[in-house]
Structures are given as C-alpha cells and as structure tokens.
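Participant: Residue 647 is where the sequence shown starts when you use the numbering used here, and the numbers rise one by one after that. We treat Cβ as the ideally placed atom computed from N, Cα and C, and that holds for glycine. Source: prediction; values computed, not measured.
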Amino acid sequence: MTSDANAGSSLALAPPPPPRLLDQVRSTLRAHHYSQRTEETYIGWIRRFIVFNDKKHPSELGPHHVNQFLSDLAVRGKVAASTQNQALAAILFLYDKVLRQPLPDVGLLIRAYRPKRLPMVLSREETSAVLAHLQGAPRLVALFLYGAGLRLMEALRLRIQDVDFGLNLVRVREGKGNKDRITMLPGAVREPLSRHIEKVRALHQKDLAEGFGEVNLPTALAAKYPNGGKSWPWQWVFPSGSISKDPRSELVGRYHLNESIVQRAVHLAVLEAGISKRASCHTLRHSFATHLLEDGYDIRTIQELLGHRDVKTTMIYTHVLNRAGGRGIRSPLDRL
647 MTSDANAGSS LALAPPPPPR LLDQVRSTLR AHHYSQRTEE TYIGWIRRFI
697 VFNDKKHPSE LGPHHVNQFL SDLAVRGKVA ASTQNQALAA ILFLYDKVLR
747 QPLPDVGLLI RAYRPKRLPM VLSREETSAV LAHLQGAPRL VALFLYGAGL
797 RLMEALRLRI QDVDFGLNLV RVREGKGNKD RITMLPGAVR EPLSRHIEKV
847 RALHQKDLAE GFGEVNLPTA LAAKYPNGGK SWPWQWVFPS GSISKDPRSE
897 LVGRYHLNES IVQRAVHLAV LEAGISKRAS CHTLRHSFAT HLLEDGYDIR
947 TIQELLGHRD VKTTMIYTHV LNRAGGRGIR SPLDRL
C-alpha cells in the first residue's frame, strides 16, 4: 500500500513535459505582440530551417548552419532579397528571444540579389478606369488605397473609431513597423463610406442579437475592457461576410474582410479596364504618392502620409517622375 501510494504521488508530482519548440515560438511571438501573419511566417521559416538541418534542434546548431540555410535560399532557391531577410529575421528571433542564445555572427551568408526597380504606377485615367470596374466593399477599400495612400492590410484593419468624419482624417494604428499615423479622409469617400457604415452597424446589431458581435482588441485592452470587443467603436469598418473562429484567441465572431477578396477584385478590374500593366492593390498606393508629387506636394508631407521611416524610400517616386516622360522631354522624332 505504501509503495503504491508513493508511486502514485510521484506520478502526480511529475512535472509536465516542456512545450514543443514551435509552441514556445508562438507564445513568445504573442508575448511580443507580433501580428498573426508574422507569427505564421516566422513559424514557417523556422520549420524549414529545422528540416534543412536534418531536424536537429536549433540549440545544437550555430551561425554556420544559419549561413548555409540562408545562402541555399539565395543560390538554389533563387529567392528575392526581401524573402531572405524575412527568413533571417525569423531565425534571429528564434535564437535571441526563444532560445536565449543570440547568434554572434551571421554576416558571411550569400546575399540574394536585390534589383533596383521603379514601382508600377497607373495614370490618373487608368486609376479612374480601375475604380470604375469595382463595386461594394472592395471598391471602398480601393478608394482608401488610392485616396489616402493606405496599405491593403492597413485599410482592412480600420476600426469604426479610426475614421473621423468631423476632422476629415483617418488614423492608421499599428501600421508597418508598428507605427501609428494620420492621413486624410478623401471627400469622395465620405458619402459611400457613410452608407457602408450604416450597413455595418445593422450587421453588428444582428450579430449581437445572435450572441456574437465581439471582435479582438489590440494588446492588453481585452483584459482592461472585458466587454470592449462588443462596443461599436471597436468594430471593423470592413467586416467579413461570415462568422468564424479566430485561430489565436479562439473567439467566434466576425473578422475583417479577407485581403484575397480585394486582391482578386482589383486584378479583375485591371483586366476589365483593358490595362496592360501588372497592377495590384499596392499599385494604387504607388499611384497616390506619384500623383501627389505631380500636384506639387513636398516629399516630406508625402513621407508622413505614407508612413515611411526614411525619406529615401519616398524618394523613389521622384525617380518615376524624372523619367523622360515625367520631365516632359519631347523626342526629336516628334519634331520632324
């Protein structure tokens, strides 16, 4: 009896097994308030890094193995430089934040070639044609991309309280680089957006009546305001058409509109407009910046509206205008 009791107590007191490495990565990413998209991306790269090294635990590996993996991406995988940098960021996060083993040197890797390309830009006529072939929520989102210079996910993550009709401005929260900024609310958006928001309000009331209507709140606000997720100001401006479970919080509710819906709608609009350019949602943002430069606005103002950290990033739009056509140079052929 005594030995059995001791065995039972020892089993009861046995510590739980440590969490798996990828589960540790997930919890650490969430503790640092990384977005769900970044979480999925980092997990994917770390998994690929482990498989590349014959499934050895990363704690047994070092800078040499990291360099081999990243160089293989550049040489054999022929990935873009931005993709290689993304993989490096994921691995550095793993060693620095999760394993607590910062890598001493990863400077020997073969860098993927980063070509210097000018952004694709639509003319004003082409932009108008694309917008004319859009309708519903995708059209409103596109109006924000071109009319306010928002990135696609910045537009989709807008909350009701972020749109200020009184001051004619839009607040972008936790944009790229986790930065907030303010941009303009285009006058052409006000009326259709007001009608859209009234439909969203009716949908929210319907969801509440059916026991839903709650959205995720950023960072620690959920603990501070337990019922804040059901309040009107925190609702998405562009909610999804269906109820689903959030994979991180397991909250059942209405998430924001999926980006693929807008991307597909813009792609079809470009085709229907007969435009022979590889234009996308981000092309509308590029066109916003270029057309503001054409109208004489200074580069610093455009930098703030776009949310660029460095003005050099914004300066690329001056190169678009400085091409021969942008300078208004007349070909000698046209003088004959």
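#1: Can the beta-carbon of K923 be found closer than 8 Å to that of L768?
#2: Please state whether DSSP places I828 in a helix, a strand or coil.
#3: Specify the secondary structure class of D810 as computed by DSSP and reduced to three states.
#4: Cα separation between V816 and T959?
#5: If you drop the 5 nearest sequence neighbours on each side, which residues of the same chain put their C-beta closer than 6 Å to that of L804?
#6: Going straight from the alpha carbon of E800 to that of T829, what length do you get?
#7: Taking Cβ positions, are Y963 and T929 nearer each other than 8 Å?
#8: Using C-beta distances below 7 Å, list every residue in its chain close to F739, excluding the 5 sequence neighbours before and after it, in chain order.
#9: What residues match up with H902 in a beta bridge as DSSP calls it?
#10: Where does R803 sit, in a helix, a strand or coil, going by DSSP?
#11: Who are the Cβ neighbours of L657 in its own chain at under 8 Å, not counting the five residues just before and after it?
#12: Quick check on the DSSP output: the alpha helix (DSSP H) that includes R683 runs from which residue to which?
#13: Using the DSSP secondary-structure output, state which residues sit across from R817 in a beta bridge.
#14: CB-CB under 8 Å to R819, same chain, minus the five flanking residues each way: which ones, in chain order?
#15: Give the C-beta separation of H779 and A915 to the nearest angstrom, bearing in mind that I take them to be a contact with Cβ-Cβ under 8 Å.
#16: For K724, name the three-state secondary structure that DSSP assigns.
#17: Name, in chain order, the residues that DSSP records as bridge partners for S890.
#18: Does the distance from the C-beta atom of Q730 to that of A720 stay below 8 Å?
#19: Give me the residue from F858, S888, D941 with the minimum Cα distance to G875.
#20: If the criterion is Cβ atoms closer than 8 Å, does the pair P709 and L668 meet it?
Facilitator: On the basis of the coordinates in this document:
#1: Yes, they are a contact pair.
#2: strand
#3: D810 falls in the strand class under three-state DSSP.
#4: 22 Å
#5: V883
#6: 12 Å
#7: no
#8: Y688, listed in sequence order.
#9: P885
#10: coil
#11: Unreliable positioning characterises L657 in this predicted model, as indicated by a pLDDT of 49, which lies under 50. The coordinate reading is nonetheless provided below. There are no such residues.
#12: 682-698
#13: I828
#14: Hits under 8 Å: R803, R805, D808, D826, P864.
#15: 4 Å
#16: The answer is coil: DSSP assigns K724 none of H, G, I, E or B.
#17: G899
#18: yes
#19: Of the residues F858, S888, D941, the one whose Cα lies closest to the Cα of G875 is F858.
#20: Contact check for P709 against L668 fails: the beta carbons are separated by 8 Å or more.
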